[in-house]
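The structure under discussion appears below in the form of structure tokens.
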Amino acid sequence: MPDGPPVPVTGSAVAPVAAAEPPLRQLAARHDLDLGTAVNLTALADDDVYREWVATQFDSVTAENEMKWAELEPTRGQHDWDRADELIAFARANRQTVRGHTLVWHNQNPAWLADLPADELGAVLKDHVQTTVRRFRGEIRQWDVVNEAVEEDGSLRDTVWLRALGPGYIADAFRWAHEADPDALLFYNDYDVEDVNAKSDGVYDLVQELTRQDVPIHGVGVQAHCSVERAPRTLRENLGRFADLGLHTALTEVDVRMAMPADPVKLEAQANVYRSLLRACLLTPGCLSFTVWGYMDKYSWVPGWFEGEGAADILDENFAAKPAHRALRDDLSFGGPSRRD
Ligand code: 9MR
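Following this note's numbering, the numbering of the sequence shown begins with 59 at its first residue and continues without gaps.
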């Protein structure tokens, strides 16, 4: 835990958050919006300031890694629910909802899966989906049932699931999850689908077909891993077309990276991107939640994945608020009747 108050590190563009300011979650409640964050469970256990922020500022939490299959079932048939349970207990204690992330993906699967013959994969996937969803039944409001199953050109991604089970695995996964918890909202979730583009067209066609077949899908998660240089331009139109299908939407993994080092101009540009993402969600009926993929730069996944980039979150390495934090706070401060009135 740092000594004393947070110290701005990037110059006058970064300001500590005044203690008297209302928490973001309180402001978001005016809009019936769940304001969420991905949670790093190690930081949650070890860093008091980190934990305090999660508890007080957000009303929804997502495990950044601990509900992925490799974490939940490292050895076949032997589940380790402890870390996921910690987050569920934390959320309950702080009156927060939980987004479940994620059931069917091509990454972070257990190593033992690779040794199974293809004709066992359907049964194993069904067991994974249903065991996991049942385990957290009633605790998870939104589940990312299928994650990143579409290629940039809009076709289905060539994954272990598509190869072994054919395209029907997607509908099956939603049906299995719905059987296991009929009250959970079930989402398809993907990246690079902020704008109307070839990939989001593919996702649109996919979910439209699922709704035609009465598959229990309730929403589309737009991850929104963005960069200062690549801000979405047609997010509102894109969210709107999913809403027109009768689906909920959610921004599920928002961050806005930049080439390092950060400077005041980039931080303002970043604030504008955060603001435009939030506004698109607020202006879309049925956009239920706005989740940042980590809220402070210290624990961000970005520097480990994008060489020379970082500073993607709304607080800096020392918990000082960046202009992006101010942008979210200011927009959420506009009162008005609930969007669901
Ligand atoms: O933030 C997560 C990081 O800690 C993991 O190493 C990584 C491994 O795949 O997954 C990251 O989270 C991803 C999320 O689960 C799905 N969308 C993209 C996210 C960033 O890579």
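No residue lacks a Cβ here, since even glycine has one placed at the ideal position from N, Cα and C. Values in this document were obtained by computation on a predicted structure and should not be read as measured data.
Cβ-heavy atom distance, residue i to ligand 1, below 8 Å
i, result
"residue 144", "no"
"residue 126", "yes"
"residue 96", "yes"
"residue 89", "no"
"residue 249", "yes"
"residue 190", "no"
"residue 351", "yes"
"residue 115", "no"
"residue 307", "no"
"residue 431", "With the chain running from 59 to 399 in the structure shown, residue 431 is simply not present."
Distance, residue j Cα to residue i Cα
i, j, result
"residue 97", "residue 125", "11 Å"
"residue 184", "residue 301", "29 Å"
"residue 330", "residue 177", "49 Å"
"residue 362", "residue 132", "24 Å"
"residue 388", "residue 315", "21 Å"
"residue 115", "residue 336", "16 Å"
"residue 88", "residue 239", "29 Å"
"residue 326", "residue 236", "42 Å"
"residue 61", "residue 376", "Low local confidence applies: a pLDDT of 38 at residue 61 is under 50, so the model's placement there is unreliable, with the coordinate-based value given in what follows. So the alpha carbons of these two residues sit roughly 11 Å apart."
"residue 380", "residue 129", "33 Å"
"residue 84", "residue 391", "9 Å"
"residue 227", "residue 342", "30 Å"
Those residues which DSSP pairs with residue i across a bridge
i, result
"residue 318", "According to DSSP, which records beta bridges pairwise, residue 318 is partnered with nothing at all."
"residue 348", "93, 309"
"residue 354", "373"
"residue 136", "133"
"residue 21", "Since the first residue of the chain shown is 59 and the last is 399, residue 21 is not available in this structure."
"residue 285", "288, 315"
"residue 118", "94, 155"
Under 9 Å between C-beta atoms of residue i and residue j
i, j, result
"residue 346", "residue 92", "yes"
"residue 353", "residue 100", "no"
"residue 253", "residue 299", "no"
"residue 171", "residue 127", "yes"
"residue 156", "residue 120", "yes"
"residue 408", "residue 242", "It is not possible to answer for residue 408, since the shown part of the chain is limited to 59 through 399."
Discussion item. Assess contact between the stretch 206-220 and the stretch 244-263, defined as three or more Cβ pairs (one per stretch) separated by less than 8 Å. Is contact present?
Written reply: Yes: the two stretches touch, three or more of their Cβ pairs being nearer than 8 Å.
Practice prompt. Please confirm if the stretch 306-321 is in contact with the stretch 280-298, defined as three or more CB-CB distances below 8 Å between the two stretches.
Written response: Three or more Cβ pairs closer than 8 Å define a contact, and the stretch 306-321 meets that threshold against the stretch 280-298.
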